[in-house]
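Contents: one structure, followed by commentary.
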Amino acid sequence: MNTDIKNILESVKNGTVSVEEALLKLKIKPFEDIGYAKVDMHRKLRQGTAEVIYGAGKTSEQIIGIIESMKKNGQDNILITRLSEESANIINNIHQIKYYKDARCAISGEIPVPDGIGKIVVATGGTSDIPVAEEAAITAEVLGNEVVRLYDVGVAGLHRMLAHLEDIMSASVIIAIAGMEGALASVIAGLADCPVIAVPTSVGYGASFNGLSALLSMLNSCASGVSVVNIDNGFGAGYLANMINHMQTKKEV
Numbered sequence: 182m183n184t185d186i187k188n189i190l191e192s193v194k195n196g197t198v199s200v201e202e203a204l205l206k207l208k209i210k211p212f213e214d215i216g217y218a219k220v221d222m223h224r225k226l227r228q229g230t231a232e233v234i235y236g237a238g239k240t241s242e243q244i245i246g247i248i249e250s251m252k253k254n255g256q257d258n259i260l261i262t263r264l265s266e267e268s269a270n271i272i273n274n275i276h277q278i279k280y281y282k283d284a285r286c287a288i289s290g291e292i293p294v295p296d297g298i299g300k301i302v303v304a305t306g307g308t309s310d311i312p313v314a315e316e317a318a319i320t321a322e323v324l325g326n327e328v329v330r331l332y333d334v335g336v337a338g339l340h341r342m343l344a345h346l347e348d349i350m351s352a353s354v355i356i357a358i359a360g361m362e363g364a365l366a367s368v369i370a371g372l373a374d375c376p377v378i379a380v381p382t383s384v385g386y387g388a389s390f391n392g393l394s395a396l397l398s399m400l401n402s403c404a405s406g407v408s409v410v411n412i413d414n415g416f417g418a419g420y421l422a423n424m425i426n427h428m429q430t431k432k433e434v
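Just so you know, we're using my numbering here: the sequence shown kicks off at 182 and counts up by one.
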């Protein structure tokens, strides 16, 4: 997924970029120290995706400074997760951002045209799981993926999921998001021929233990091909789904 490095090397190969120019691009300082943060400028070169700002615990002023550093160093599209609406309003006075209230995410820049190998399906057990699902969906879209949302298709009414079998069967990755007993991941994985990323949510009554019950159920799934991220970690699921949906064989690279 290190497409930036690959593009630079291919440009050298076909003669559109000199060796010296390529070396300069690769030698740009790996991070910028702005006092309260060391902004990683080589994240995209190493991992294929630029650094994402985790908004919780940061002041609006700190986030503004990090955005300034990123933009100055050529990052056009910036994702901010776990951002409060209050902070988003303050940031928007300095940097134009689009805020997604349900997802608690903001974007500086534009959502790119999808270039993944297929579609990512984001499915929830219930409506209460939508905030986590939207964090996953927005993350995947910002990283260049086409996302299909299937909300409120949990096992309490299995016919609702079965009505979307075509979407499930044609997906390249599925993110299954559920609280309560977390059964959605096992059921959907039993129908699909692609990787399923399970996200337990903290939705549920007392014995759900704020998502622990769903987490353990998903970890113990009897369906093959299920991986599990942390409770309420929509971002982690969206990021992993993006990596899968942009996989290239080592021979191609």
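C-beta atoms are modelled at their ideal positions from N, C-alpha and C, and glycine is treated no differently.
Every value quoted in this text rests on a predicted model; they were computed, and no experiment measured them.
- Residue 388 is positioned such that its CB atom lies no closer than 7 Å to that of residue 317.
- In terms of CA proximity to residue 335, 363 leads the group 390, 363, 350 and 320.
- According to the DSSP secondary-structure assignment, residue 381 is paired through a beta bridge with 359.
- The closest CA to that of residue 309, considering only 386, 292 and 346, is found on 386.
- Assignment of residue 305 by DSSP, reduced to helix, strand and coil, places it in the strand class.
- Comparing alpha carbon positions, the residue from 305, 370, 321 and 352 closest to residue 338 is 305.
- The stretch 320-334 makes contact with the stretch 419-427, as at least three CB pairs between them are under 8 Å.
- Burial is judged here by how many other beta carbons sit within 10 angstroms of a residue's own beta carbon; residue 294 has fewer than 16 and is exposed.
- Here residue 239 is buried. Its C-beta has 16 or more other C-beta atoms within 10 Å.
- Shown here for residue 261: same chain residues with a beta carbon closer than 6 Å to its own, the five before and five after excluded, namely 234, 236 and 287 in chain order.
- Nearest C-alpha to residue 368 among 399, 352, 384 and 354: 399.
- Ranking 243, 276 and 272 by CA distance to the CA of residue 252 puts 276 first.
- For the options 378, 320, 247 and 307, the alpha carbon positioned closest to that of residue 331 is the one of 307.
- Boundaries of the beta strand (DSSP E) harbouring residue 407: 407-409, taken from the DSSP string.
- Below 8 Å, too few C-beta pairs join the stretch 338-350 and the stretch 403-418 to call them touching: fewer than three.
- CA-to-CA, the gap between residue 216 and residue 282 works out to about 30 Å.
- Per DSSP, reduced to three states, the secondary structure at residue 341 is helical.
- Setting aside the 5 residues that flank it on each side, residue 249 has no residue in the same chain whose C-beta is closer than 6 Å to its C-beta.
- Taking 8 Å as the upper bound for CB-CB distance, residue 289 and residue 244 are not in contact here, some 10 Å apart.
- Shown here, residue 327 sits in a strand according to DSSP, grouped into three states.
- Exclusion of the five residues before and after residue 333 leaves 307 and 308 as the residues of its chain whose Cβ lies within less than 6 Å of its Cβ.
- The alpha-carbon separation between residue 365 and residue 297 amounts to approximately 25 Å.
- Contact between residue 358 and residue 422 is ruled out by a C-beta separation of about 12 Å, above the 8 Å threshold.
- About 7 Å separates the Cβ atoms of residue 402 and residue 370, confirming a contact at the 8 Å cut-off.
- Only residues of its own chain outside the window of five on either side were considered, and among them 262, 316 and 320 have a CB closer than 6 Å to the CB of residue 416, listed in chain order.
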